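Chemist: Offset between the sequence shown (1-based) and our numbering: plus 262.
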Amino acid sequence: MHYLHAGEYTHLAGEINALYHEAAVKMGVSDSVMNILYVICEKGDRCRQSEISRLTGISRQTINSAIRKLEKDGMVYLVQGEGRNTIVCLTEQGKAFSDAKILPLFEMENKIWNEWTAEEQQQYLALTQKYRDGLKRYMQAL
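1) Using the Cβ count rule (16 or more neighbours within 10 Å means buried), how would you classify F359?
2) Where do the N-terminal and C-terminal ends of the alpha helix (DSSP H) with L299 fall, by residue?
3) Check the DSSP bridge columns for Y339 and list the partner residues they point to.
4) Sorted by chain position, which residues of the same chain lie with C-beta nearer than 6 angstroms to A286's C-beta, five sequence neighbours on each side aside?
5) Could you check where the alpha helix (DSSP H) with R322 kicks off and where it finishes?
6) Assign K398 to one of two classes, buried (16 or more other C-beta atoms within 10 Å of its C-beta) or exposed (fewer than that).
7) Tell me R310's beta-bridge partners as DSSP assigns them.
8) Could you check if A362 is buried or exposed, using at least 16 other CB atoms within 10 Å of its CB as the buried criterion?
9) Suppose the cutoff is 7 angstroms on Cβ atoms and the five residues either side in sequence are ignored; what does the same chain contact list for V341 look like?
10) With DSSP run on the structure shown, which of helix, strand or coil describes W375?
11) Quick check: what's the CA-CA separation for E313 versus G276?
12) Rounded to whole angstroms, what is the Cα-Cα separation between T379 and D395?
13) Identify the continuous alpha helix (DSSP H) that holds H283 and give its terminal residues.
14) Given a cut-off of 9 angstroms on the beta-carbon distance, is the pair G356 and L299 in contact?
15) Which of the three DSSP states is assigned to Q402 in this structure?
Right under this line is the structure:
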């Protein structure tokens, strides 16, 4: 039996990341801005800044500077939540941009996802989570 090398997964993941980067370039935004807007849209046009960090894996420093740029460009505004929670909300301009640029990305992903059987969807999620968990475990030893 032929076993594939983990590098093949890494190459595929790199190609997928490059495709998302290409989408960001077409939108005229940085990868981090696209990812931040993606999460805010997914959460209903507003999201805790800490949740954006957790869901994107982007450093807090990068998120802070991207949000400052989005704020300056009139795309988002900040609301003070409970305690130290800052909530990032889309402005009307941010909603219009997201409707035009981010929502088509959701639709494309959903189209692909819906082409898969329920079993394929479950397998993909289970194996990707297993890979992530193994990576976390072995990274701790570095």
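Glycine residues also receive a C-beta, built at the ideal position from the N, C-alpha and C atoms. The model shown is predicted, which means the values in this text are computed figures rather than measured ones.
Modeler: Answer, in terms of the structure:
1) A residue is called buried when at least 16 other Cβ atoms come within 10 angstroms of its Cβ; F359 meets this threshold and is buried.
2) Under the DSSP assignment, L299 falls in the alpha helix (DSSP H) whose first and last residues are D293 to E304.
3) DSSP lists C351 as partners of Y339.
4) The beta carbon of A286 is closer than 6 angstroms to those of D293 and M296 in its chain, skipping five residues each way along the sequence.
5) Element bounds for R322: R322 to K334.
6) Counting every other CB atom within 10 Å of its CB across the protein chains shown gives K398 a total below 16, marking it as exposed.
7) The partner list for R310 (beta bridge, DSSP) reads I349.
8) Flag for A362 reads exposed.
9) Shown here for V341: same chain residues with a beta carbon closer than 7 angstroms to its own, the five before and five after excluded, namely I349 and C351 in chain order.
10) Secondary structure of W375 (DSSP, three-state): helix.
11) Put simply, the backbone Cα of E313 is about 24 angstroms away from that of G276.
12) About 24 angstroms.
13) According to the DSSP assignment, H283 belongs to the alpha helix (DSSP H) that extends over A268 to M289.
14) In contact: G356 and L299 (Cβ atoms closer than 9 angstroms).
15) Coil.
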